[in-house]
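Colleague: So that we are looking at the same thing, I have put the structure below in structure tokens.
Written out as structure tokens, the structure is:
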């Protein structure tokens, strides 16, 4: 009985092994394109130099700040507090207060998010491959606490040709004329809620960095819904 069962299963087992072998061969070129460092690059929040209890962060940060920094969320384009900010000063991590960018490195990318072409220090942020939503991007996180900031692109202006596309909700701004001591992490930095039609403003950037681009499918859907509700 057992022998008969094994003989009946043999053709199926052979076919399964053959298909598995073909799959491995077909995916080998694709896997070779993925840098080894991208495998296992997820770093636990507990291993960052600065850590904060979840309960504390939920109390200290606004819902949007928490969503962006702790859940890798993205605020809608053109709704962030610092998108059009032109004051001189320093931009810091909203979670831990670490300095990240200076105002003289900020530029108008037209994307709807604060953009910078360089860091305040080369070790200010950590870059990690991000394959979410079926595409490859480079995630930008605070190197001190691991807070999600935004994404990095190589289409910025000279001299660096870099673009750090950052959520306003992940930042605190310290004006140039404010006290020189480092502002402690506080959160709740007056992130105003977006108006109903702010998030459907057209993106001026030729290639929007994120899937939430208002020129994309989501933006068109929001327009249709707004018309129907009106």
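In full-length UniProt numbering, the protein residues as written are 1 to 230.
Cβ atoms here follow ideal geometry from the backbone N, Cα and C, with glycine treated the same way.
Who are the near neighbours of residue 145 in its chain, counting only those whose CB is closer than 6 Å to its CB and skipping five residues on each side?
Modeller: 48, 50, 95, 96
Colleague: Using the beta-carbon count (16 or more within 10 Å), is residue 135 buried or exposed?
Modeller: Flag for residue 135 reads exposed.
Colleague: Contact between the segment 164-176 and the segment 110-119 is defined here as three or more beta-carbon pairs at a separation below 8 Å; is this criterion met?
Modeller: yes
Colleague: Would you say residue 83 and residue 113 are within 8 Å of each other, going by their C-beta atoms?
Modeller: yes
Colleague: According to DSSP, simplified to helix, strand and coil, what is residue 106?
Modeller: Strand at residue 106.
Colleague: For residue 114, which three-state DSSP category applies?
Modeller: Three-state result, residue 114: coil.
Colleague: Going straight from the alpha carbon of residue 65 to that of residue 170, what length do you get?
Modeller: 6 Å
Colleague: Does DSSP put residue 160 in a helix, a strand or coil?
Modeller: Judged by DSSP in its simplified three-state form, residue 160 adopts coil rather than helix or strand.
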